Amino acid sequence: MSILAGKLLTPLISPLGLSLLLWLAGLLLSWRGWRAWGRGFRVAGCLLLIVLGSPLVGEHLLYALESEYPLTLVADSPSAEAIVVLGGVTQPPITPRLSIEVNEGFDRLLHGMRLWRAGKAPLLVFSGGTIPYLTGSQMTEAANLCSLALEYGVDRQATLLEEVSRNTYENAVFTSELLRERGLHRILLVTSASHMPRSVAVFRKQGLEVIPSPTDVQVVPRPFTPLQLLPGMEALAYSTTAIKEWVGMWTYWLRGWI
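Just so we're aligned: 156 in the working numbering is position 156 of the sequence shown, and the numbers increase by one with no gaps anywhere.
This is the structure:
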């Protein structure tokens, strides 16, 4: 139930969700006769979208996460005992799809394969299960990632699948169990740059020696221009991702997971 609750609550803490809640509260207050308060809540809802939807704010929020662990060239990456690639990359082959498709997180798989081809670790671990009532499929994220990796020439004997996890915390718990069974402790952790701070914290909590190897960078710093004050969907998506990660880290800390 906690997994489902988390999936349902995530949209509510997004800028769009918070703005909608403020608008609904404003309408309710106005209906109850508190028109000034109601108008204030509705204005706050609009301002929230304008501010968090501006590139000036959205890019800075996401960059604060992405810059915590700098990127490293594959050739300069240290060696490890395993490369752990976190899921959140694929779409299952269900109608109308004819095959496994990928989203913007595909850089995770590409980066993991590049590290493996460079000999940075002999084992490529794919971590990610499935939530059938959300994905509409019994196929796990780890299995999908492995299938794509095999298409790109990765040796099946060099892969290990963790197919039970449904969130980042479970990624760490179940992956660390598989690694400890094999006497492995030092890993190169591959995930999106914005997701890396929370991922590193939760994997280290499991006692692993974690070497961050971020990828999928969204924000490139640039000089200020007045156009950065104009709200847009891309900046709103940046703010949404950043807020989700900050709330996720706060929640994990409260639960003792990091």
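Where a beta carbon is used, it is the ideal one built from N, C-alpha and C, also for glycine.
Everything numeric in this text was worked out from a predicted model, so none of it was measured.
Next item on the list: Entirely within the region 170–223 and at least 3 residues each: give me those beta strand (DSSP E) ranges in chain order.
Entry: 186–190, 209–212
Notebook entry, point to check: Among all the DSSP beta bridges, which residues are the ones paired with residue 101?
Noted result: 91
Check: By how many angstroms is the C-alpha of residue 210 removed from the C-alpha of residue 1?
Finding: Note that residue 1 scores a pLDDT of 45, beneath 50, so its modelled location is shaky and nothing firm can be said.
Notebook entry, point to check: Sorted by chain position, which residues of the same chain lie with C-beta nearer than 8 Å to residue 40's C-beta, five sequence neighbours on each side aside?
Noted result: 26
Notebook entry, point to check: DSSP state of residue 247, grouped into three classes?
Noted result: helix
Check: How should residue 112 be labelled, buried or exposed, when 16 other C-beta atoms within 10 angstroms of its C-beta is the threshold for buried?
Finding: buried
Notebook entry, point to check: Who are the Cβ neighbours of residue 63 in its own chain at under 7 Å, not counting the five residues just before and after it?
Noted result: 219, 221
Notebook entry, point to check: If we call anything under 8 Å between Cβ atoms a contact, is residue 110 one with residue 191?
Noted result: no
Check: In the structure shown, what three-state DSSP assignment does residue 296 receive?
Finding: Residue 296 falls outside the range modelled here, since the chain spans only 1 to 258, and no answer is possible.
Note to self: Between which two residues does the beta strand (DSSP E) holding residue 85 run?
What the structure shows: 82–86
Check: What do you reckon, are the CB atoms on residue 15 and residue 230 nearer than 8 Å?
Finding: no
Note to self: For residue 120, tell me which candidate among 79, 156, 19 has the shortest Cα-Cα distance.
What the structure shows: 79
Notebook entry, point to check: Going along the chain, which residues of its own chain have a beta-carbon closer than 7 Å to the beta-carbon of residue 150, five neighbours each way excluded?
Noted result: 156
Check: So, helix, strand or coil for residue 127, using DSSP?
Finding: strand
Note to self: If contact is defined by three or more beta carbon pairs under 8 Å, each pair taking one atom from either stretch, is the region 190–206 in contact with the region 171–181?
What the structure shows: yes
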